[in-house]
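Structure, as structure tokens:
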Amino acid sequence: MTRKRDGRSPLRRHELGAMSTSGFHLTCFRFTLAPREEIRLPRMNKGITLRGAFGSSFRSLVCVHGMASCDECQMHPTCPYGFIFSPRVPEGAERLRLNRDIPRPFVIKPPLEERQVFEPGDHLCFDLVIVGKAVQFFPYFLVSFRNLGERGIGVGRGRFDISKVEALDANGDLEAVMAKGDPMVRVPEKTIGLADAPPPPTERVRVDFLTPILLKKEDQWARPSFGVLMRRLRDRIQALSYFYCGEALAMDFRSFGERADKVRTPYEDLHWIEENRYSKHRDLKHTLKGWVGTVTYEGDMEDFWPFLWMGQYVHVGKAAVFGQGWYRVVPEGE
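Numbering (this note's numbering), first residue to last: 17 to 350.
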């Protein structure tokens, strides 16, 4: 994800209100793993394996009681695992109180390459996005991945070392956080906010859906029309901002959705894929499915652009934390 250095998106006061670089923000980390032995991963949707193994490692690191579910655990209010993997609406919340499930404050952006075998001497890279105040738990993320390296991952439990961790800014520039052999872990200064979006495209934008995207419209699965996509992005960023950045979006939600419906779809090339995932912790098999491919949207993008741009980081739709709903935007006609 790259951006121009010569300007920022003109955030409209009536749309984003108090939102600024001091409001909604996230930190994007890039992990580079060095296999010690052969690592075998799925051809596609490697985020399923990474997220599942990482969650298990995180839980074993911090869970005191080892209960099957976090729902009844008395330690939940002070537990890092509960905050990250089983978040609840805080007591006294003035907004979004009826949300049964609030979004988890992280996203794994998996390797997109289809190779399945990684040998010693190779590098395996992925990005980890942490939203707002959840970054205070980054040491737990780091130790969980270190421990996972000792336990191994994928078919045959191939072990690895963390070669380095870096933080990315909105330009794609990197800042060192940790290097192999260096005990120092540096607190990253780079964060990314809505105001970091580059200037909006004039009229057309291509969206490449890199991992399966699954969106709902009126409780039914829907294709990613611009109206459906922007409503789900709006709702996701609103919840992430309120629960993890302490700031709600000040905007006319209904008008935003109605105007998004007016953006046209002159080109669409999508296909449907499905992949099964087994949860050892819950002893359940899940089917992760959705659309991948390319869609071109055409219309007035100015009000929607910061959300569409930010969605490249936070993903959208079902199973976003597993790396689903990841897309890339490419302005056209400029």
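Ideal Cβ placement from N, Cα and C applies to all residues, glycine included.
Between which two residues does the beta strand (DSSP E) containing residue i stretch?
i	result
residue 48	41-51
residue 140	140-147
residue 91	Counting along the chain, residue 91 falls outside any beta strand (DSSP E), and DSSP gives it neither H nor E.
residue 237	236-238
residue 160	Element bounds for residue 160: not the beta strand (DSSP E) but the alpha helix (DSSP H), 154-167.
residue 351	Outside the displayed span of the chain (17 to 350) sits residue 351, for which this structure offers no information.
Out of the options, point me to the one whose CA is closest to residue i's CA.
i	options	result
residue 14	303, 338, 268, 305	The chain is shown only over 17 to 350; residue 14 falls outside these bounds and no answer can be derived.
residue 147	224, 303, 40	40
residue 305	252, 270, 276, 239	239
residue 119	346, 318, 348, 249	249
residue 172	98, 57, 274	57
residue 185	341, 266, 46	46
residue 246	258, 191, 313, 86	313
So the alpha helix (DSSP H) residue i belongs to, where does it begin and stop?
i	result
residue 261	242-261
residue 62	62-78
residue 276	269-276
residue 326	321-330
Spatial neighbours of residue i within its chain, please: C-beta separation below 7 Å, excluding the five flanking residues on both sides.
i	result
residue 309	225, 285, 286, 287
residue 216	25, 317, 318, 321
With 16 as the cutoff for other CB atoms within 10 Å, does residue i come out buried or exposed?
i	result
residue 21	For residue 21, the pLDDT reaches just 37, beneath the cut-off of 50, and the residue's location in the model is therefore unreliable, leaving the point undetermined.
residue 165	buried
residue 61	buried
residue 218	exposed
residue 241	buried
residue 133	exposed
residue 331	buried
Only counting the same chain, and skipping five residues up and downstream in sequence, which positions put a Cβ closer than 8 Å to that of residue i?
i	result
residue 67	124, 337, 338, 339
residue 196	50, 177, 178, 179, 180
residue 101	71, 74, 75, 86, 120
Since residue i and residue j should fall inside the 8 Å C-beta cutoff, what is the C-beta to C-beta distance between them, to a whole number of angstroms?
i	j	result
residue 326	residue 253	6 Å
residue 54	residue 168	10 Å between Cβ atoms; not a contact.
residue 341	residue 227	7 Å
Please list, in chain order, all residues of the same chain as residue i whose beta carbon is under 6 Å from its beta carbon, the five residues on each side excluded.
i	result
residue 223	311, 343, 345
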